[in-house]
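This report concerns only the one structure given below.
There are 2 protein chains.
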Amino acid sequence: MSHHDVNRKQTTKPETSNSDSRKADNNELDNDDRHPSRTNLVHRLSVALDDELANNLGHDQDQQARRVIARRKTFTVHHLKELFENEFGARLVDYGKTTASIVRQFCNEIPMTDDTPFYIVNLSHYARQYLQWLHFLGRIHPFYAVKCNPNGFIVRIIAEMGGGFDCASAEELDLVRATCGVDFDYATRIIFAHPCKSVSHIKRFREAGVQMTVVDNEDELKKLKEHWPEAKVLLRLKPDDKGSLSPFSTKFGANELECITLLRMARVLGVQLVGCSFHVGSRCLDAQIYMQSLRLARRLFDIAGRDEFGFDFKVLDIGGGFSGHNWDKPSFPEVAKLINKTLDKLFPESEGITLMSEPGRYFASGGMTLVVRIIARRIHNQDYKSQEEVIKLERSYSLPTNSLVQAANTDESTVSEQVLIECAENIYYINDGIYGTFNAIIFDHKVFTVHYLKIGEQEKNPKQYKSVIFGPTCDSVDCIAHSIDLPLLEIGDVLWFPDVGAYTSACASNFNGFKTKKYMFIWKG
Amino acid sequence: MSHHDVNRKQTTKPETSNSDSRKADNNELDNDDRHPSRTNLVHRLSVALDDELANNLGHDQDQQARRVIARRKTFTVHHLKELFENEFGARLVDYGKTTASIVRQFCNEIPMTDDTPFYIVNLSHYARQYLQWLHFLGRIHPFYAVKCNPNGFIVRIIAEMGGGFDCASAEELDLVRATCGVDFDYATRIIFAHPCKSVSHIKRFREAGVQMTVVDNEDELKKLKEHWPEAKVLLRLKPDDKGSLSPFSTKFGANELECITLLRMARVLGVQLVGCSFHVGSRCLDAQIYMQSLRLARRLFDIAGRDEFGFDFKVLDIGGGFSGHNWDKPSFPEVAKLINKTLDKLFPESEGITLMSEPGRYFASGGMTLVVRIIARRIHNQDYKSQEEVIKLERSYSLPTNSLVQAANTDESTVSEQVLIECAENIYYINDGIYGTFNAIIFDHKVFTVHYLKIGEQEKNPKQYKSVIFGPTCDSVDCIAHSIDLPLLEIGDVLWFPDVGAYTSACASNFNGFKTKKYMFIWKG
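In order, the protein sequences belong to chains A and B.
Throughout the first sequence, residue numbering follows UniProt numbering, covering 1 to 525 in sequence.
Throughout the second sequence, residue numbering follows UniProt numbering, covering 1 to 525 in sequence.
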């Protein structure tokens, strides 16, 4: 990663002792966006102490959060107690208990010699998200996008709740088969939602009894005709982003003109087109895109029904893009309201259209918390630089475009990054990093929030030091934070990161032999 | 990935029919650097046709390449025939056969319905690299850096040749144990070369009988005292990069001042310091850094021997940083010559110092070729954009800083990337991508070279089209090339990429369920 803008200023608040009592449910509250001043630091990370949320959230947001929590508690999941406890050995935790205190409890139980990083998985989160979905978008059947977090426990719970699955590959299908068994209704509860499928994968889905897939180009239509002629196929639309300044689908989707070509070709080939799908892009920040896409879908439903094509579209898949956190803007309830209103107008219930969707992040994001240990450190890092060296480094930091730097053929940001590290007071090494869970910094533009938990005595207002957090691999790119304020921490102290359930472990590699593979299950009742 | 500079100009030469006969050994010749005009495209990729090398290599380089090939052939590996063929089912291939023709042969044998991507592994490459190492750096014992490509077949061959292993984690140690068995000499042939070790990993190495490790900070020294008191420990130096404009070790290594503190502390704690190690950084482009580091090591050897410390240093580990290709500048023979000269001066053989090193890329890079199929495509992509739209897009491409773009809150490069894709004539989807082998574009700044192989008739001077190559996942970031010239290819046609053995599969994730896991073995005799 060569282009890093840097921002050395990050603030943190001192920790207080009554941190546990302030929040009703930390795990339900923590979210990426609650620190409004995002920096340009590529390795973005904000420091949160346990009581920060209550202190810093704006009043409205706080109230909204409290309303969400109050409502979510009414989504009872006690009927899943046996599944949680017998199948996964999950521990029952009081609904009001904060993530901070849950982390502390796990860490107290684990011997200090066991420094394996682990995820705490809140199984009831997936069930409550499902119930929340039904509450707000009852007409739309959710098909969990397995890619987001391909773990059997999520698949098991969503299957139990009645959900379907969006599988992008044969391997994802295999996970559902291994979890749900042969009696699962593959015909109606799986969609092979990849517009560009390899023939070998088509064969596997077909053998499993899957019936539904999507198409967005001519070659794919011919491929389906040859290798999966009985498939029920949705036209994957490219959201009409005229008027949108940040357009989405460069990779998948057919525009209106292409769709008409595909309708014509499908008619000739005899491929069964049964409806439309679209995907507004991951973490859609503009709910209008759903409305525009629904209007495009409506047009396509009408066009497909014309005599020259003669298709009777009966399925509409509105894809994903839903946030996993209710305090994101626009919030899920807000987006849901808009979608319902548009659906009632364009696709009224009386028409009998089957509505489906492909949420991934919505289910997975809030379900996992990463807990790591500080496995090594380098304190007084700065003391070993001579004053002269530090000055030299700081000058090249403040004047990054000077000729010396350019002559070195390193770009501004590389130097700045190095300067931040060289000038930091303490350096910590943890046992998960950029090649693991934190790949989301690079691939998903995720802003992680770090909490710390000292194993020894907690000071009240500990002195803060400019600190660096490195991941465990040999690579210096494996740096999670270049310059954040942290108190002096010890080897064995804990850092934890909430809301790491989406597009994290799913895209983690095993580089250097490090990968977080341990899952501790809880459920909240 | 948000910061992409783009370069639309890439040229390619038409393929000719006698492409196989030009090169003695394509696999030995292909390398990242043979296209001197590297672009700033983050998703860098150059198109190479089978005969390009012979046409385009400068005369000197060509001669050097031929000399290398001639020499390497004399490194006989026939005594490993049984290992290659019986243990791995490797196929014997004539030394002069090009990679292009080997790829063609494999693809002809595999049924068209099997579109699984695979690596072709040249097992004899690892053995020949070992012999070449002995030839040029006979005094230095190589410990293969397992992280670079943690596959049993490499470990097996290097162990058979007499090499040791640099393991960074317990999982890498487990691989060596699974491959080499209990009778392997863990005390002398493994180094736990990670300066920041977790206690649980120390325990595993100790139990396995490993004896050697490295240290670069005070906390680590205390950790060793407590958890591995009998370890033989090397001081990991930070290469002295005064005078170097692109300094290396921000993450690991102790400078001279820190080393003196560590010597003092080790003496008090009774930790056995037995020598020094350093690492000049991966793919070291300046051989002078080795010389400077060796001088620093010599100083530390002398300092450690002073009465106040009383250590008798006997081990020097010169780390890695060696290129995997002899036509890189500086070439391995050149670097080796410089190292030998400096060693003879500073650490003459008569002193009886044990010399070791940690090459990874040197062994692994040239050993693997990736072969993928085009699994889907979108042709006439541009035809579906109205002329007006294309103009609009092209304008925003040529004037990327206009206000419209800024208002969209997308940076210049994001728009340009999208424009390149929207304006491309053909789009291909292959079954490996940025989350797989091509993660090296992001993490290792690797420039891949693509070759194509048409399954049908090969045209003589095929028309070239602006093309995009996407990986298989749902993510639009998963784009391997934004705008390269390729002829019209069909679904089922093959793309292959030589020299993908280092830091590729090692850092690949299984995102969307796609990961290249199939290995086809050959050896060249």
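C-beta atoms are modelled at their ideal positions from N, C-alpha and C, and glycine is treated no differently.
- Taking 3 residues as the shortest admissible run, the region 160–233 of chain A contains the following complete beta strand (DSSP E) segments, listed from N- to C-terminal end: 164–167, 190–192 and 212–215.
- Bounds of the alpha helix (DSSP H) holding Pro333(A) are Phe332 to Leu346.
- At least one C-beta of chain B is nearer than 8 Å to the C-beta of Arg378(A).
- Among the residues facing chain A, Gln105(B) is not included, as its CB has no counterpart in that chain under 8 Å away.
- Taking 8 Å as the cut-off, the Cβ atoms of Pro498(A) and Thr369(A) count as close.
- Put simply, the region 330–348 of chain B does not touch the region 94–109 of chain B. Fewer than three CB pairs are less than 8 Å apart.
- Within the same chain, Cβ atoms closer than 6 Å to the Cβ of Tyr186(A) are found at Ala208, Gly209 and Val210, the five residues on either side in sequence being excluded.
- Asn108(B) carries a helical assignment under DSSP once its states are collapsed to helix, strand and coil.
- Put simply, the region 481–491 of chain A touches the region 418–431 of chain A. At least three CB pairs are less than 8 Å apart.
- Between Tyr503(B) and Gln129(B) a beta carbon distance of about 16 Å is seen, past the 8 Å cut, so the two are scored as non-contacting.
- In the DSSP assignment, Gly275(A) falls within the beta strand (DSSP E) that extends over Gln272 to Phe278.
- Residue-level contact check: Gly513(B) touches chain A, since one or more beta carbons of chain A fall below 8 Å from its beta carbon.
- Proximity to Leu221(A) across Ala424(A), Thr261(A) and Ser476(A) peaks at Thr261(A), based on C-alpha coordinates.
- Around the beta-carbon of Glu82(B), fewer than 16 other beta-carbon atoms lie within 10 Å, marking it exposed.
- For Val315(B), DSSP records a beta bridge to Gly275(B) and Thr354(B).
- Bridge partners of Phe143(B) according to DSSP: Gly164(B).
- At a cut-off of 8 Å between beta carbons, Ala187(A) makes no contact with chain B.
- Secondary structure of His78(A) (DSSP, three-state): helix.
- Counting the other CB atoms within 10 Å of its CB gives Val500(B) a total of 16 or more, which places it among the buried residues.
- Any Cβ of chain A closer than 8 Å to the Cβ of Glu207(B) would place that residue at the interface, and such an atom is absent.
- Closer than 8 Å to the CB of Cys180(A) there is not a single CB belonging to chain B.
- Check the Cα spacing between Leu137(B) and each of Phe322(B), Gly152(B) and Lys232(B): the tightest is with Phe322(B).
- Between the alpha carbons of Ser509(A) and Val450(A) lies a gap of roughly 21 Å.
- What Lys446(A) touches in chain B, judged by beta-carbon distance under 8 Å, is nothing: the nearest beta carbon there is about 13 Å away.
- In this structure, DSSP gives His451(A) an extended state, which the three-state scheme calls strand.
- No Cβ-Cβ contact shorter than 8 Å links Arg378(B) with Val494(B).
- The beta carbon of Ser357(B) sits closer than 6 Å to the beta carbons of Ile140, Pro142 and Ile318 from its chain, once the five residues preceding and following it are set aside; these are given in chain order.
- Contact residues of the region 427–440 of chain A toward chain B are Ile427, Tyr429, Asn431, Ile434, Tyr435 and Asn439 (C-beta to C-beta distance below 9 Å).
- When the beta-carbon positions are compared, Gly320(B) and Ser365(B) stay at least 8 Å from each other.
- Between Leu294(B) and Leu237(B), the CB-CB gap reaches or exceeds 8 Å.
- Exposure of Asp307(B) is indicated by the presence of fewer than 16 other C-beta atoms within 10 angstroms of its C-beta.
- Assigned with DSSP and collapsed to three states, Ala376(B) falls in strand.
- Inter-segment contact for the region 195–204 of chain B and the region 165–184 of chain B is present: three or more beta-carbon pairs are separated by less than 8 Å.
- In this structure the region 253–272 of chain B does not lie against the region 430–443 of chain A, because fewer than three pairs of beta carbons, one per stretch, are closer than 8 Å.
- At least one CB atom of chain A sits nearer than 8 Å to the CB of Ala506(B).
- For the 8 Å CB-CB criterion, Asp216(B) and Pro195(B) form a contact.
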